[in-house]
DNA sequence: GAAAAGTTTAAACAACCATTTAAAATATAC
DNA sequence: GTATATTTTAAATGGTTGTTTAAACTTTTC
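Residue numbers (the working numbering), protein chains in the order written: chain A, 1 to 203; chain B, 1001 to 1203.
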């Protein structure tokens, strides 16, 4: 019983994640999800009470997926240049693995922020990491440019995430094929690492 | 005759732009547009043959709006630091004036790129500017780090555009009110100018 | 000022939407 | 092995979608 139940529920959850990520909430129909899961349409509402409830559950997972690895890296006991490099590498791999993730998160939150922020304890966790302490210490002893977390973190993340969000427009604008883009993205990743570290780390 | 015609057509066009920018193509209904324009619903199809055609027309305008000012600045005969500063300032003002523009463009292109790139001559214009020549000359005479347009341009644009695309998530993540965010965005803008110029300009 | 052309309207269209129903099929319990 | 609970199904619900219709209204033409 339980085994079979979980199977169907998870099949729908996984199918829904795939479809929502690709088409967004507005672009996805319950029939799309049922078809992707290869199940009867009534089951999406049998296991999750509505399209909205199913979406909220998946969105929470996706947002945690987005922050989880970065959070672990921010708390590692390694020097700040290595840390920034690891964050950027991690972001890069995430974008390659889930190309729809970042634009999905950004767009859904942009369209209805109030509905998507429940008890997001993960936000507090991002605010309070060892990385923050490193920033403060570095600023105090003159090895780092004095910067707040909220200023440096977006500078670290925006480079990689921006070019993946705009992958298609960048391909069109700069006349690139998919393999071209892959090479380009790798180049860009290294530029960002160097640029951010040069700016933050003094000397 | 012509005057009245243009009035209704333009009323619909402007209403459609507002609604599409806010809700995206999938989230917008023909009735939303008619209501925003305060006109009968049949008129949207009388003037523009379908929701799709109306959308494509507006999307083209929006994409040109996005590139137009930047293109003019890229071709100005000013030194490269000033030019980068002006591009960033222009981006910043555009994001403040049209907060939905950048996420709208990114999301719509991401969802269906093939449908949205007609005869985009503006792309070629962006590729061939005086800025490109400045980059080449600077690299040749050792005043600039050797970089291609496709590498430096996203670095210039991503900082400002990323924080505006993710305005709501940044507000939530870093516990900011709207006035907080405005101040924060100004700070960030100056960081980006300094960081990019430091990286590109040698010495 | 009558005929023609252009514009606006309310109503209707079939297709599709999220969700519900109630019966059928399956698994579990005793 | 029958009774009970759970899962799956096809069909229907009422509402919304993009689009069309045909009649009413307004403007232009001569």
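Backbone N, C-alpha and C define an ideal beta-carbon position, used for all residues, glycine too. Here the structure is a predicted model, which means the values were calculated and not measured.
Reference residue i, options the options, closest by Cα
i                       : options                           : result
residue 60 of chain A   : A:139, A:188, A:118 and A:196     : A:118
residue 63 of chain A   : A:196, A:120, A:162 and A:136     : A:120
residue 1158 of chain B : B:1168, B:1049, B:1172 and B:1103 : B:1103
residue 1124 of chain B : B:1168, B:1164, B:1174 and B:1067 : B:1067
residue 169 of chain A  : B:1105, B:1144 and B:1023         : B:1105
residue 1183 of chain B : B:1039, B:1164 and B:1143         : B:1164
residue 1223 of chain B : B:1185, B:1201, B:1193 and B:1196 : There is no way to answer for residue 1223 of chain B, as the model of chain B reaches only from 1001 to 1203.
residue 99 of chain A   : A:58, A:41, A:82 and A:22         : A:22
residue 142 of chain A  : A:46, A:17 and A:200              : A:200
residue 71 of chain A   : A:58, A:133 and A:87              : A:87
residue 1037 of chain B : B:1091, B:1015, B:1196 and B:1044 : B:1015
residue 1173 of chain B : A:194, A:126 and A:69             : A:126
residue 1145 of chain B : A:194, A:134, A:162 and A:161     : A:194
residue 1160 of chain B : B:1094, B:1053 and B:1134         : B:1094
residue 17 of chain A   : A:55, A:39, A:147 and A:46        : A:55
residue 202 of chain A  : A:107, A:147 and A:19             : A:147
residue 92 of chain A   : A:19, A:175, A:156 and A:171      : A:156
residue 149 of chain A  : B:1175, B:1149 and B:1132         : B:1175
residue 90 of chain A   : A:134, A:132 and A:65             : A:65
residue 19 of chain A   : A:134, A:101 and A:133            : A:101
residue 109 of chain A  : B:1171, B:1109, B:1046 and B:1041 : B:1171
Residue i, buried or exposed, once every other Cβ within 10 Å from all chains shown has been counted against 16
i                       : result
residue 1166 of chain B : buried
residue 34 of chain A   : buried
residue 1001 of chain B : Because residue 1001 of chain B sits at a pLDDT of 33, beneath the cut-off of 50, its placement in the model cannot be relied upon, and the following sentence gives the value as read from the coordinates. By the 10 Å Cβ count, residue 1001 of chain B comes out exposed.
residue 1154 of chain B : buried
residue 1188 of chain B : buried
residue 1128 of chain B : exposed
residue 32 of chain A   : buried
residue 1192 of chain B : buried
residue 151 of chain A  : buried
residue 1196 of chain B : buried
residue 1085 of chain B : buried
residue 190 of chain A  : exposed
residue 1044 of chain B : buried
residue 83 of chain A   : buried
residue 198 of chain A  : exposed
residue 1004 of chain B : With a pLDDT of only 33 at residue 1004 of chain B, under 50, the local geometry of the prediction cannot be trusted, and the value read off the model is given with reservation. Residue 1004 of chain B is exposed by the Cβ-count criterion.
residue 1107 of chain B : buried
Backbone secondary structure at residue i - three-state DSSP
i                       : result
residue 1002 of chain B : For residue 1002 of chain B, the pLDDT reaches just 32, beneath the cut-off of 50, and the residue's location in the model is therefore unreliable, although a value from the coordinates is still provided. Looking at residue 1002 of chain B - three-state DSSP - the assignment turns out to be helix.
Distance cut-off 8 angstroms: residue i Cβ against heavy atoms of the ligand GDP
i                     : result
residue 49 of chain A : As presented, the structure is devoid of all ligands, the ligand GDP included, so that no description of it is given.
Jot down the residue ranges of each uninterrupted alpha helix (DSSP H) in the region 1038-1076 of chain B, minimum 4 residues, whole runs only, in chain order. Segments of the alpha helix (DSSP H) lying fully in the region 1038-1076 of chain B: 1042-1047 and 1051-1074.
Please specify which runs of the alpha helix (DSSP H), each continuous and at least 4 residues long, are wholly inside the region 123-176 of chain A, giving them in chain order. Runs of the alpha helix (DSSP H) inside the region 123-176 of chain A: 130-140, 149-165 and 167-173.
Should the region 1020-1027 of chain B be called in touch with the region 112-130 of chain A, which here means at least 3 C-beta pairs below 8 angstroms? Contact between the region 1020-1027 of chain B and the region 112-130 of chain A is absent: fewer than three C-beta pairs spanning the two stretches fall below 8 angstroms.
Touching by the beta-carbon criterion (3+ pairs, under 8 angstroms), the region 1169-1181 of chain B and the region 1129-1142 of chain B: Because the criterion of three Cβ pairs below 8 angstroms is not met, the region 1169-1181 of chain B and the region 1129-1142 of chain B do not touch.
Contained beta strand (DSSP E) runs [length at least 3] in the region 1004-1038 of chain B, N- to C-terminal order: The DSSP assignment places no complete beta strand (DSSP E) segment of no fewer than 3 residues inside the region 1004-1038 of chain B.
Does the structure place the region 7-15 of chain A close enough to the region 1003-1023 of chain B that three or more beta carbon pairs sit under 8 angstroms? Cβ pair count under 8 angstroms is below three, so no.
Stretch pair the region 74-86 of chain A + the region 1074-1083 of chain B: three plus CB contacts closer than 8 angstroms: Fewer than three pairs of CB atoms, one per stretch, sit closer than 8 angstroms, so the region 74-86 of chain A makes no contact with the region 1074-1083 of chain B.
Just list the alpha helix (DSSP H) runs in the region 1073-1119 of chain B, keeping only unbroken ones of 4 residues or longer that don't cross its boundaries, in chain order. The qualifying runs are 1080-1097, 1101-1111 and 1113-1116.
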